[in-house]
Amino acid sequence: MRLEKCWFCSSTIYPGHGIQFVRNDAKIFRFCRSKCHKNFKMKRNPRKVKWTKAYRRLHGKDMTQDATFEFERKRNRPERYDRNLAENTLKAIKKIDKVRSDRQAKHIDNRLKVRKTKERKEAEKELQQSIHLVKAPSALQEEPSLTLPKLKVKVSQEQTQENQAMEE
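Under the UniProt record's numbering, the first residue of the sequence shown is numbered 1, with each subsequent residue one higher.
Listed below in structure tokens is the structure:
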């Protein structure tokens with residue numbers, strides 16, 4: 001059974017499914033569904049269409065290269081059965097699955113980390129702006145621990161000189 005890849009969205013095309021388009025220069029394009037075929041005819045770039053694999057890879061939404069995929073290559077040579085080799089292969093498969101799941105989890109964490117820090121900064125800013133709604137101003141003056149600590153920003157001398165020049 002031969003499985004093809006859709007030219008537009010890179011999904012798997014099973015036998016008996018999809019559309020095949022042959023251009024005048026004999027280049028063959030295979031599409032999984034009419035949606036992909038229509039987008040191709042409209043001359044859309046798969047890297048700019050958000051639901052395609054090409055877009056997701058290009059914009060860091062999916063993992064692009066993982067060395068563990070190299071182990072999945074199909075080998076057409078018959079091998080002699082060796083009990084030790086089979087046992088080592090099964091152990092390696094388990095280890096590869098663990099590595100792949102760890103990498104996938106790390107990839108997801110890295111993607112979420114940006115959003116978490118952004119949300120936290122927004123929450124701190126909102127709290128700083130509306131702290132008077134939570135506590136009375138007199139209570140804030142008496143107990144400074146209720147306010148958020150001031151964040152220090154490092155500014156180089158070059159930047160301060162440029163700012164002074166711009167102000168003049």
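Ideal Cβ placement from N, Cα and C applies to all residues, glycine included.
Bridge-paired residues (DSSP) for residue i
{"i": "R30", "result": "Q20"}
{"i": "E4", "result": "I13"}
Whole-angstrom distance between residue j and residue i, CA atom to CA atom
{"i": "K113", "j": "K106", "result": "10 Å"}
{"i": "T12", "j": "R56", "result": "16 Å"}
{"i": "L127", "j": "N110", "result": "26 Å"}
{"i": "N24", "j": "P15", "result": "24 Å"}
{"i": "I108", "j": "I96", "result": "18 Å"}
{"i": "K98", "j": "Q129", "result": "46 Å"}
{"i": "L133", "j": "P46", "result": "50 Å"}
{"i": "K118", "j": "I131", "result": "20 Å"}
{"i": "T37", "j": "R80", "result": "The sequence given here places His at residue 37; Thr does not occur at that position. Roughly 45 Å between the two C-alpha positions."}
{"i": "K61", "j": "I93", "result": "26 Å"}
{"i": "E87", "j": "R2", "result": "30 Å"}
C-beta contact flag for residue i and residue j at 9 Å
{"i": "K41", "j": "C9", "result": "no"}
{"i": "R30", "j": "E4", "result": "yes"}
Integer-rounded CB distance, given that residue j should sit under 8 Å from residue i
{"i": "M63", "j": "R103", "result": "7 Å"}
For this session: Mind listing, in chain order, the continuous alpha helix (DSSP H) runs of no fewer than 4 residues lying wholly within the stretch 91-133?
Result: none
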